[in-house]
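Enquirer: Reminder that position 161 of the sequence shown reads as 161 in the UniProt record's numbering, one-by-one numbering, no gaps. The structure is given below, and queries will be raised subsequently.
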Amino acid sequence: MVGQLPRVEWKVFMFGDDTRAKAKFTMWLYFQDRMMTSDRLARWGMHVDTKCVLCQSCDESRNHMFVECEFARSIWKRLLKWMQRQTFWATSWDQHWKWAIENAKEKSSSAAVFKMIYAEAIHTIWNERNLRVFEKQSSSFWPVNDRKIILKALKIPALQQSKRRKRQCPAEVQNIEEHCPYLGGDVTV
């Protein structure tokens, strides 16, 4: 009745982990290319400044904001270093997308961590963009953003999951501050 539909490869990001709903929704918009970036608004005839508010060097688009922008690149670089994964510099959206899907397809705890961190990174970059566009301000750049990404992605869901399943939280999440020295101190998540 419905017919043959194309396979949705990014579904690996949407199921099977404890990523926050906010971050999953933002990531869903991101994969669908439905974010209200200035290039989309300009195509609809709206008069908006098309410069990327994160780097001020290129026009804002999903591809630029999350793959090519220096702001996003620095986030990816630091998060990949923390996850002890090889730094990957995608030169196009397609390369980045394929790399992310491959890292998320694994059935390991490191793949689950990757999916949660990936979603929170997308959500944080989008929130930073919105803060700069609508509030005309920016959050403290480092180390607060990566600290928030990691804590939101790992510590809170892992603690909730361990309570639900009545088992101990994984050691790398319990002692997250040891694994990532710039995570010390309190942070509002």
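Backbone N, C-alpha and C define an ideal beta-carbon position, used for all residues, glycine too.
Is it buried or exposed, residue 62, if we count other Cβ atoms within 10 angstroms and call 16 or more buried?
Expert: Here the question's residue 62 lines up with position 62 in the sequence shown. It counts as buried.
Enquirer: Which same chain residues end up closer than 7 Å to residue 26 when comparing Cβ atoms and leaving out the 5 residues on each side of it in sequence?
Expert: Looking up residue 26 in the sequence shown gives position 26. The answer, listed in chain order, is 122, 123 and 126.
Enquirer: So, is residue 70 buried or exposed, given that buried needs 16 or more other C-beta atoms within 10 angstroms?
Expert: Position 70 of the sequence shown holds residue 70. Looking at its Cβ environment, which holds fewer than 16 other Cβ atoms inside 10 Å, residue 70 is exposed.
Enquirer: Between residue 115 and residue 13, how many whole angstroms is the CB-CB distance? I'm expecting something under 8 Å.
Expert: Walking along the sequence shown from the start, residue 115 turns up at place 115. Walking along the sequence shown from the start, residue 13 turns up at place 13. The pair is a contact, with the Cβ atoms about 6 Å apart (cut-off 8 Å).
Enquirer: Taking its Cβ as the centre, do 16 or more other Cβ atoms sit within 10 Å of residue 78, making it buried, or is it exposed?
Expert: Residue mapping note: residue 78 aligns to position 78 of the sequence shown, counting from 1. With 16 or more other Cβ atoms within 10 Å, it is buried.
Enquirer: If you pair each beta-carbon of the segment 129-140 with each one of the segment 40-60, do three or more pairs fall below 8 Å?
Expert: yes
Enquirer: Thinking C-alpha only, which one of 136, 60, 118 and 38 is nearest residue 22?
Expert: Counted from its first residue, the sequence shown places residue 22 at position 22. With distances taken between Cα atoms, residue 22 lies closest to 118.
Enquirer: Taking residue 105 as the reference, which of 9, 36 and 73 has the closest Cα?
Expert: One-based indexing of the sequence shown puts residue 105 at position 105. Answer by Cα proximity: 9.
Enquirer: Label residue 49 either buried or exposed according to how many other C-beta atoms from any shown protein chain fall within 10 Å of its C-beta, with 16 as the threshold for buried.
Expert: If you number the sequence shown from 1, residue 49 lands on position 49. Burial call: exposed.
Enquirer: Just to check my reading of the structure: residue 80 and residue 91 have Cβ atoms closer than 8 Å, yes? What is that Cβ distance to the nearest angstrom?
Expert: On the sequence shown, residue 80 is found 80 positions in, with the first residue counted as 1. On the sequence shown, residue 91 is found 91 positions in, with the first residue counted as 1. Not confirmed; about 16 Å, so no contact.
Enquirer: Less than 7 Å between C-beta atoms, sequence neighbours within five positions excluded: which residues of the same chain meet that for residue 100?
Expert: As a position in the sequence shown, residue 100 is number 100, starting the count at 1. Contacts found: 118.
Enquirer: Which of the three DSSP states, helix, strand or coil, is assigned to residue 24?
Expert: Here the question's residue 24 lines up with position 24 in the sequence shown. Here residue 24 sits in helix by DSSP.
Enquirer: Quick one: what does DSSP say residue 11 is sitting in, helix, strand or coil?
Expert: Position 11 of the sequence shown holds residue 11. Judged by DSSP in its simplified three-state form, residue 11 adopts helix.
Enquirer: Quick test of your reading: residue 149 and residue 120, contact by CB under 8 Å. State the CB separation rounded to the nearest angstrom.
Expert: Counted from its first residue, the sequence shown places residue 149 at position 149. Counted from its first residue, the sequence shown places residue 120 at position 120. 4 Å between Cβ atoms; contact.
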